[in-house]
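Student: Provided herewith is a single structure, encoded as structure tokens, for subsequent inquiry.
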Amino acid sequence: MNSSAIKEYGLSIGYSRVGIIPASSLLGYIDEVNSRGDLYNIFDFTSTNPAKGANPCLFMPEAKSVIVLLWDYYQYEFPENLKQLIGKVYLARCYNPPKDTVTHARLNLMREFLEKEGVVVDTSIGIPARWAAAQAGIVDIGKNTFAYSGDSGSYIQINTMVVNVELEYDKPTGASLCKENCSFCMDNCPTNAIYEPYKMNPYKCIAFNNWMTQDGRGTVSSFIPYELREKMGTKIHGCDICQDVCPHNQRKLKQKKNLDPYTALLEPDISLADILNMTDEYYERRIKPLLYNYIKDKRYFMRNAAIAIGNSKDEKYLNDLELALSNPDAMVRKYVVWALGKIGNERARGILSRYLTEEKSEEVKEEIAHVISALDELTT
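Structure below.
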């Protein structure tokens, strides 16, 4: 087995670039994470902790090499309405692919190709993918912390495979991708999550607050800070803002693409109102097949939809919000109350006043009273 054969096969099954690095070349990532203090203690509760995965020999003592695979996931266009709600990488069904998907099949083909040659392969180790790709010289890193690869821009999925054989290795990326005076990504991030070039505060990132904020995850909970909610717009799963404003992505964005037929099929059935009051059947049929990767409980999609509706300030959602106040989940009801406060008209206030007497949860009652008080101050 040689590096050239691996790369050639990877390209033949659809990967846009393939790189190979020594398993020992990722240790610098650990120092970088540690230098950020508490910002990345979120890794502690993940099943694939990249701060530990940077030393793959901890999990696979015979590890010798890491194969890095890039796939351009933005080869089809996605419906505009869905792009307002969901990041393109999730519309492309990339991350953590189920076994019955094309993305999983592509990975499995590469695994089988290697294993037929007697290579031991591990894909479960949490390799820091962007760092590995940079070490392999197949991406550059932008100030927004995303990896960029040629004409694909930053719209790439990166997969890694740890193997037990020594191979011919690629050289790391050299010069910086971004011009010194460019700050489009930092200037346009609504939450100021990119606090310095090449440095991001995950706790301020819209995508993080969409899907990482779930109860039972170490120091993270389902609570999204008030000061962040208004800045999240209508995003319910992921955010592309810092990528879409980047000069290096403009060619890819303007490229003529055919419409993705699957998301085009789903689009008429997916709206904020549908998600806010979704049934189990709707979740299984329309949301899970598309957004299966980071959220397994529909309550968090409902919460995210409530925030997006509140940020829309659109009165057409008042009936949907009133219905959602009967949701048995108090956490969801609290965000619905917040959304009604953002719409803030007389009818929204009336709905809140009526439900204040019916609400059983003390936490939700406090939220309703707080919102009503804030609305009263605005009208006096």
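For what it's worth, numbering that gives the first Met the number 0 labels the leading residue of the sequence shown as 0, then goes sequentially.
Here a beta-carbon is modelled for each residue, glycine too, at the ideal position from N, C-alpha and C.
The model shown is predicted, which means the values in this text are computed figures rather than measured ones.
(1) Over what stretch of residues does the beta strand (DSSP E) that includes Q156 continue unbroken?
(2) Closer than 9 Å, CB to CB, is N95 near chain B or not?
(3) Can you list, in chain order, the residues of its chain with a C-beta nearer than 8 Å to that of V118? Leave out the 5 residues immediately preceding and following it.
(4) Looking only at its own chain, which residues have a Cβ that is under 7 Å from the Cβ of L26, when we skip the five neighbours before and after it?
(5) Tell me, which residues are paired with E76 by DSSP?
(6) Please classify S221: does DSSP put it in a helix, a strand, or coil?
(7) When burial is assigned at 16 or more other CB atoms within 10 Å of the CB, is G141 buried or exposed?
(8) Please specify which runs of the beta strand (DSSP E), each continuous and at least 3 residues long, are wholly inside the region 60–136, giving them in chain order.
(9) Once you ignore the five residues that flank E114 on each side, which residues in its own chain have a CB closer than 7 Å to its CB?
(10) If you draw a straight line from the alpha carbon of A307 to that of E111, how long is it in whole angstroms?
(11) Could you check if G36 is buried or exposed, using at least 16 other CB atoms within 10 Å of its CB as the buried criterion?
(12) For F222, collect the residues of the same chain with a Cβ closer than 8 Å to its Cβ; drop the 5 residues on either side in sequence, then sort them by chain order.
(13) Give me the Cα-Cα distance between M330 and R302, rounded to the nearest whole angstrom.
(14) Where T378 and H369 are concerned, what is the direct C-alpha to C-alpha distance, given to the nearest angstrom?
(15) Buried or exposed: D296, going by 16 or more other Cβ atoms within 10 Å of its Cβ?
(16) Using a Cβ-Cβ cutoff of less than 8 Å, which residues in the same chain neighbour L290 once the five nearest sequence positions on both sides are dropped?
(17) I'd like to confirm the pairing. Which residues does DSSP put opposite G18 in its beta bridges?
(18) Going by C-alpha distance, which of D150, K253, N208, Q242 is nearest M231?
(19) Can you give the Cα-Cα distance for Y75 and E195, rounded to whole angstroms?
Tutor: With the structure as the only source:
(1) 155–162
(2) Looking for chain B here will not work: only one protein chain is present.
(3) M0, V162, N163, V164
(4) A53, N54
(5) L258
(6) coil
(7) buried
(8) List check, beta strand (DSSP E) in window: 64–71.
(9) V120
(10) 43 Å
(11) exposed
(12) T212
(13) 8 Å
(14) 15 Å
(15) exposed
(16) I85, Y89, H236, F300
(17) V67
(18) N208
(19) 32 Å
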